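Throughout the sequence shown, residue numbering follows our numbering, covering -14 to 235 in sequence.
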Amino acid sequence: MSARLSSPSRRIAAIGAVVALVVALVATGIAIGKNSGGSGKREPAAGAAGETSPSADERQKVYAQLEKASVRRGGDPLAVGKADAPVVLVEYADYQCSYCGKFTRDSQPELVKKYVDEGTLRIEFRNFPIFGKDSERAARASWAAGQQGRFWQFHDEIYAKTRKGDALAEDKLVDMAGSAGVKDLDKFRADLNGSASAAAVKKDQEEGYSIGVQSTPTFLVNGRPIAGAQPMSAFDEAIAQAKAAKKSDK
């Protein structure tokens, strides 16, 4: 599945808000969402003739900028792990994205067991719906589940299998919320349809657009981009490097 991620006006607004960051990304040759194995991706523009590879220091400066722009920490029901964990993985995902579901089923449990439980990693989820109203409805529903402390259970319930279109209708989402242990389903339905959930999803989307997210799933590990359905080794490497960089900064 592929889709254009934003209207021209939205892209222009996002670029205008973060010109300095976009320039830094282009200068160091980093394109968020350029790797294979993701939904809605766009091919990056070819580099200029004679373009040199960025140094490790240049890349790390860009990663630090992206980390500052994306990591929230604090009390967030759409996050798991210690707020002061040295490494933060931010995930931008769409609930109709099959690659996002693959990550949730295959890699997320291992990341939690290997890194989150022992305090190294924090995972912060961002709703980044790119496939229309059904995706947006599911995103608002996940936020609503989070208001009752059941975000992750609901998140995993949706991604237990690939769900698209009518499988994400409101009544189906309410049923999944019940299966995920959401106690007050009337409140869940009201929150799903309320202005607060719409604002929360919009905030996540605008954050992603502003830093150049181009596909789902896209991950930032302390600002280092990982795009698409990558093997566990890619996350192991990024986490190890991010942890080492944090130690060297102290």
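Cβ coordinates follow ideal geometry from the N, Cα and C atoms, glycine included.
Small disclaimer: the values here were computed from a predicted structure and weren't measured.
Let me know if residue i comes out buried or exposed under the rule of 16 or more other beta-carbons within 10 Å of its beta-carbon.
i, result
"P216", "exposed"
"E52", "buried"
"G117", "exposed"
"G213", "buried"
"E28", "With a pLDDT of 39 at E28, under the threshold of 50, the modelled position of that residue is not reliable, and the figure given next carries that caveat. Flag for E28 reads exposed."
"D176", "buried"
"D189", "buried"
"A230", "buried"
Using CA coordinates, which residue listed in the options is at the minimum distance from residue i?
i, options, result
"D234", "D221, Q45, V97", "Q45"
"R107", "R57, G117, I196", "R57"
"D91", "S218, S55, S24, I196", "S218"
"V186", "D171, R125, A230, I224", "R125"
"I224", "Y100, V167, A175", "Y100"
"A145", "K98, L96, C82, G193", "C82"
"S240", "E192, F220, D221", "With the chain represented from -14 up to 235, any question about residue 240 goes unanswered, as that position is not in the structure."
"P94", "A165, G166, V47, F220", "F220"
From residue i to residue j, what does the alpha carbon distance come to, in whole angstroms?
i, j, result
"L158", "R122", "9 angstroms"
"W137", "D160", "16 angstroms"
"A49", "D169", "40 angstroms"
"S127", "G60", "16 angstroms"
"R209", "H140", "24 angstroms"
"G163", "A64", "21 angstroms"
"N207", "E155", "35 angstroms"
"T89", "S120", "16 angstroms"
"P62", "D42", "34 angstroms"
"K87", "K232", "32 angstroms"
"E103", "Y194", "32 angstroms"
"G166", "V97", "20 angstroms"
"V47", "G66", "24 angstroms"
"K228", "E222", "10 angstroms"
"D171", "V72", "37 angstroms"
Report yes if the C-beta distance between residue i and residue j is below 8 angstroms; otherwise report no.
i, j, result
"A70", "T105", "yes"
"I211", "F204", "yes"
"Y84", "S24", "yes"
Is the segment 174 to 186 touching the segment 128 to 148, taking contact as three or more C-beta pairs under 8 angstroms?
yes
Three or more C-beta pairs below 8 angstroms linking the segment 96 to 116 and the segment 72 to 82:
yes
Do three or more CB pairs link the segment 191 to 201 to the segment 146 to 154 at distances below 8 angstroms?
no
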